[in-house]
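Let me begin by presenting the structure, written as structure tokens, before commenting on it.
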Ligand code: ADP
Ligand code: MG
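The following block contains the structure:
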């Protein structure tokens with residue numbers, strides 16, 4: 034008689050910017066940045082998640098802070114596995130009887146070998162069954178779309194390191210494309226702009242804060258100025274300058290154009306019947322990048338279809354893994370792994 038409680042089953046969004054964990058029957062229980070701090074010489078991990086993020090850009094020599102999934106590629110298996118195990122353990126009971134079913138959503142760009150490494154990490158914490166679900170399906174499920182019908186839905190998920198556009202019908206992906214760029218590229222564009230316009234060097238976290246507060250995909254968003262602190266490249270001393278929303282918008286133009294082109298390419302490859310459905314229902318945005326002010330309007334203007342930002346876009350993917358756990362028996366899973374014994 035199995036002792037496991039079905040509530041032990043968990044869904045994981047292993048994102049390039051953050052990791053979220055959903056426990057069946059309880060909801061989202063963990064939300065941590067995908068960041069670890071590593072001691073350079075020994076290679077041992079000294080901090081995970083938000084604790085490691087606080088150290089970013091502030092470490093003494095000898096310690097580095099890494100984002101193992103940056104750019105949607107698993108840059109470092111060992112660290113990714115260790116991080117995943119750490120987060121799963123931190124939400125699960127130490128009991129040996131804890132044998133959850135685990136559904137992981139991995140960034141689309143990761144290779145089959147990397148997916149296997151992710152599944153291995155989940156098996157190591159005692160999963161009785163590990164599944165991998167494709168990101169656009171999880172995003173669509175989490176956005177509350179009814180993807181089981183013979184009807185086309187289109188989602189665009191903009192994460193930190195990746196953006197995925199997909200058309201889904203009858204529970205499967207019909208057309209999709211993934212690019213290795215997202216919110217991080219916006220931050221980098223802001224860093225470059227501030228450096229060339231003001232000779233001021235700022236870190237990525239500062240650029241991200243500017244993007245969130247003053248960033249916009251459209252001109253004329255905010256008139257007030259936003260203070261930015263960094264290091265003057267000429268004097269080498271700390272300095273504060275003020276930026277406005279319009280210049281941030283200009284600096285984001287290239288990244289925004291790439292997103293528009295991504296959506297257009299996927300639309301062009303969409304079979305006509307499904308294209309008709311999409312022009313009726315519109316495009317749904319998920320992922321943190323979709324929170325950029327005015328992005329929905331820009332995409333709508335450029336593609337001619339209505340664009341809706343999902344409710345709670347940062348949680349869509351993990352909520353989708355949750356829906357897959359609650360409602361469906363593995364029908365959306367791309368890969369399934371069972372323990373070698375038992
Ligand atoms: P991932 O799935 O890759 O982990 P997320 O979906 O968590 O990524 O999105 C993270 C990205 O969203 C980051 O680049 C972050 O800066 C960006 N982001 C979060 N909130 C906002 C916001 N309000 N405006 C613009 N970008 C945002
Ligand atoms: Mg994501």
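Numbering (the working numbering), first residue to last: 34 to 375.
Here a beta-carbon is modelled for each residue, glycine too, at the ideal position from N, C-alpha and C.
It should be emphasised that the depicted structure is a prediction, and the values quoted were computed from it without experimental measurement.
{"Asked": "How many angstroms separate the CA atom of residue 318 from the CA atom of residue 178?", "Found": "12 angstroms"}
{"Asked": "DSSP has residue 283 in a bridge; who is on the other side?", "Found": "According to DSSP, residue 283 bridges with nothing at all."}
{"Asked": "Assuming residue 353 and residue 174 form a contact by the criterion Cβ under 8 angstroms, report the distance between their Cβ atoms to the nearest whole angstrom.", "Found": "4 angstroms"}
{"Asked": "Tell me whether residue 44 counts as near ligand 2, meaning its Cβ is closer than 6 angstroms to at least one heavy atom of that ligand.", "Found": "no"}
{"Asked": "What three-state label does DSSP hand residue 211 in the structure shown?", "Found": "strand"}
{"Asked": "Taking 6 angstroms as the cut-off, is the beta-carbon of residue 48 closer than that to any non-hydrogen atom of ligand 2?", "Found": "yes"}
{"Asked": "Below 8 angstroms on the Cβ atoms is my contact criterion, and I expect residue 340 with residue 332 to pass it. Report the Cβ-Cβ distance as a whole number of Å.", "Found": "5 angstroms"}
{"Asked": "DSSP has residue 368 in a bridge; who is on the other side?", "Found": "165"}
{"Asked": "Does the beta-carbon of residue 106, which I'm using as the reference point, lie nearer than 6 angstroms to any heavy atom of ligand 2?", "Found": "no"}
{"Asked": "Does DSSP put residue 72 in a helix, a strand or coil?", "Found": "strand"}
{"Asked": "Name the residue from 56, 89, 295 whose alpha carbon lies nearest to the alpha carbon of residue 238.", "Found": "89"}
{"Asked": "Quick one: give me the first and last residue of the alpha helix (DSSP H) that residue 336 is part of.", "Found": "328-336"}
{"Asked": "Is residue 192 a contact residue of ligand 2, with contact defined as CB to any heavy atom under 6 angstroms?", "Found": "yes"}
{"Asked": "Expressed to the nearest angstrom, what Euclidean distance is found between the alpha-carbon atoms of residue 200 and residue 301?", "Found": "11 angstroms"}
{"Asked": "Under three-state DSSP, which class holds residue 257?", "Found": "coil"}
{"Asked": "Work out the CA separation of residue 344 and residue 99 for me, nearest whole Å.", "Found": "30 angstroms"}
{"Asked": "So residue 120 and residue 65 are supposed to be a Cβ contact under 8 angstroms. How far apart are they, rounded?", "Found": "6 angstroms"}
{"Asked": "Is the segment 261-273 touching the segment 150-158, taking contact as three or more C-beta pairs under 8 angstroms?", "Found": "no"}
{"Asked": "Nearest to residue 187 by CA position, among 195, 194, 207, is which residue?", "Found": "207"}
{"Asked": "Any chance the CB of residue 175 is under 6 angstroms from a heavy atom of ligand 2?", "Found": "no"}
{"Asked": "Secondary structure at residue 187, three-state DSSP: helix, strand or coil?", "Found": "strand"}
{"Asked": "Check whether the segment 303-311 and the segment 224-234 are in contact - that is, three or more C-beta pairs closer than 8 angstroms.", "Found": "no"}
{"Asked": "Restricting to runs no shorter than 3 residues, where is the beta strand (DSSP E) found entirely within the segment 219-267?", "Found": "259-265"}
{"Asked": "So, are the CB atoms of residue 215 and residue 191 less than 7 angstroms apart?", "Found": "yes"}
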